[in-house]
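Participant:
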Amino acid sequence: MFLLTREDVDITNIQHPKKAQKVPILSYQDKTFRLLKVFQSSQHTEAQALFKDLTDSETKPCVLLEEPFRYSIWRQIHIDMDLLQPSVPAAYGKACVLLVQALYSDVEQFLGDNQAKKFAIALERKFPQLIQSIGGLGGLLRINPLMESIPVWEESELSSLLLELHRLGTRFFGQSQFTSRTLSALDELPADDQTVFFNWLELSLLNQLWLA
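Mapped onto my numbering, the consecutive letters of the sequence shown carry residue numbers 2 to 213.
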């Protein structure tokens, strides 16, 4: 049994063998674990109790993962390690495109063209290759990711993009709750894509910025 923090482990999303969905897999010391249950940070006692019950009754090792805003319990499974090679769902890219478009639109609408240009310049300087791959900033802002194909970006690129979007949102709108308005753009995504994206966001450190 293991009591670990996020820095101790790697978490990867892999394709479920029988369902059209991704599942999170935790890796620690060459062992793999599947998610059993998630608790809010205020449910520390409940998480510890379930972990103790599993420790007493389970033959398979379990992990209690402690994060700043939640606890989660994972049970060991055996899995083909080749499946742990990153496979980025299309939903990640679609969602990120919609978020860029939504935040740019808000800057333009509420702060004017000059501020929107500054937003665009900052984004282009930070991600020249990513933006070029979709036809430049104009292409990024015009494309309909629900109807048109978009490039397949690395998960690390999309994480960096979301981090920069939050930084820019804070820069232009201060500490106001711009995230909820920006995230509302994802209502356009199909329900399955929303689930895939938000599951990924919740399991990443970005949840402290976008979902707190």
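Glycine included, every Cβ here is placed at the ideal spot set by N, Cα and C.
Predicted model, so just to flag it, every value in this text is computed and none were measured.
Could you check the C-alpha separation between HIS167 and TRP201 for me, to the nearest Å?
Facilitator: 17 Å
Participant: Who pairs with LYS32 in a beta bridge, going by DSSP?
Facilitator: TYR29
Participant: Between PHE179 and PHE111, what straight-line distance do the alpha-carbon atoms span, to the nearest angstrom?
Facilitator: 12 Å
Participant: Quick one: any contact between the region 146-165 and the region 125-136, if contact means 3 or more CB pairs under 8 Å?
Facilitator: yes
Participant: With DSSP as the reference, identify every bridge partner of TYR93, one or two as the case may be.
Facilitator: Answer is none; TYR93 lacks a bridge partner.
Participant: Which same chain residues, not among the five before or five after LEU164, have their C-beta less than 8 Å away from its C-beta?
Facilitator: LEU207, LEU210
Participant: Can you tell me the Cα-Cα spacing of ALA213 and ASP31, whole angstroms?
Facilitator: ALA213 and ASP31: Cα-Cα distance of roughly 32 Å.
Participant: Kindly provide the ranges of any beta strand (DSSP E) runs that are 3 or more residues long and lie completely inside the region 165-196, ordered along the chain.
Facilitator: None, since the region 165-196 contains no complete beta strand (DSSP E) of that length.
Participant: Can you pull the DSSP bridge partners for PHE128?
Facilitator: According to the DSSP secondary-structure assignment, PHE128 is paired through a beta bridge with no residue.
Participant: Would ALA117 be called buried (16 or more neighbouring beta carbons within 10 Å of its own) or exposed?
Facilitator: Buried, because 16 or more other Cβ atoms sit within 10 Å of the Cβ of ALA117.
Participant: Using 8 Å as the threshold, is the region 66-81 in touch with the region 175-192, meaning 3 or more CB pairs across them?
Facilitator: no
Participant: Less than 7 Å between C-beta atoms, sequence neighbours within five positions excluded: which residues of the same chain meet that for GLU189?
Facilitator: LEU99, LEU147
Participant: What is the C-beta distance between LEU169 and ALA96, in whole angstroms, given that I count them as a contact (C-beta under 8 Å)?
Facilitator: Contact doesn't hold; Cβ gap of about 17 Å is too wide.
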